[in-house]
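Let me begin by presenting the structure, written as structure tokens, before commenting on it.
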Amino acid sequence: MQIRAELVNPFLEAATIVFRDILQTDLIRGKIGIKDTPETTLELAIIIGVLGTFNGEVIYGLNYDAAYKISKKLMPGMGDEDIKNEYKDILGEIANMTTGNAMNIFATAGQSIEITAPNIVDAKNETIKIPKKQALGISLFSKFGKLEVNVALT
Numbered sequence: 018m019q020i021r022a023e024l025v026n027p028f029l030e031a032a033t034i035v036f037r038d039i040l041q042t043d044l045i046r047g048k049i050g051i052k053d054t055p056e057t058t059l060e061l062a063i064i065i066g067v068l069g070t071f072n073g074e075v076i077y078g079l080n081y082d083a084a085y086k087i088s089k090k091l092m093p094g095m096g097d098e099d100i101k102n103e104y105k106d107i108l109g110e111i112a113n114m115t116t117g118n119a120m121n122i123f124a125t126a127g128q129s130i131e132i133t134a135p136n137i138v139d140a141k142n143e144t145i146k147i148p149k150k151q152a153l154g155i156s157l158f159s160k161f162g163k164l165e166v167n168v169a170l171t
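My numbering applies: residue 18 is where the sequence shown begins, and numbers increase by one.
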């Protein structure tokens, strides 16, 4: 697999913008590597389909604890039970903002992409049905916990 920075960097830049501007925290890049599948190793997967100049999937991964902390940050008055019922919607909005920013970065570079609505999957208890193909996996760290961005675009 040839790693093309122009396919990955917009998603990393977009995630950095959202975490900085919306969640008031920095993202620190960790390990980067090639994976056999874009599936996450973490508990929750946010799956985004990408169509246009590039095709494939981007999967954001995080643990329940990070999802809870992010949800609490965005909805500080919400109780624990409500967070439990609403965290997928909250994460979907964060994914929409992140991927929307990535779309703008691609558009600025003259590349057009469209995205599907985020599909939030409990990766530990549900089967993720995506094509098995190589992906570039990037670990990111914030005060909320570890995140993954797995990009499988061609």
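We put the beta carbon where it would ideally sit given N, CA and C, even for glycine.
Fair warning: this is a prediction, and the values are worked out from it, not measured in the lab.
Item	Value
Thr116 burial status per 10 Å Cβ neighbour count (16 or more: buried)	buried
Alpha carbon of Phe161 to alpha carbon of Ile100, nearest angstrom	15 Å
Cβ neighbour criterion (16 or more within 10 Å) applied to Ile51	exposed
Spatially closest choice to Asp139 from Phe158, Tyr85, Ala62, Gly94, by CA coordinates	Ala62
Gly78 vs Thr54 beta-carbon contact at 8 Å	no
Those residues which DSSP pairs with Leu164 across a bridge	Leu79, Leu157
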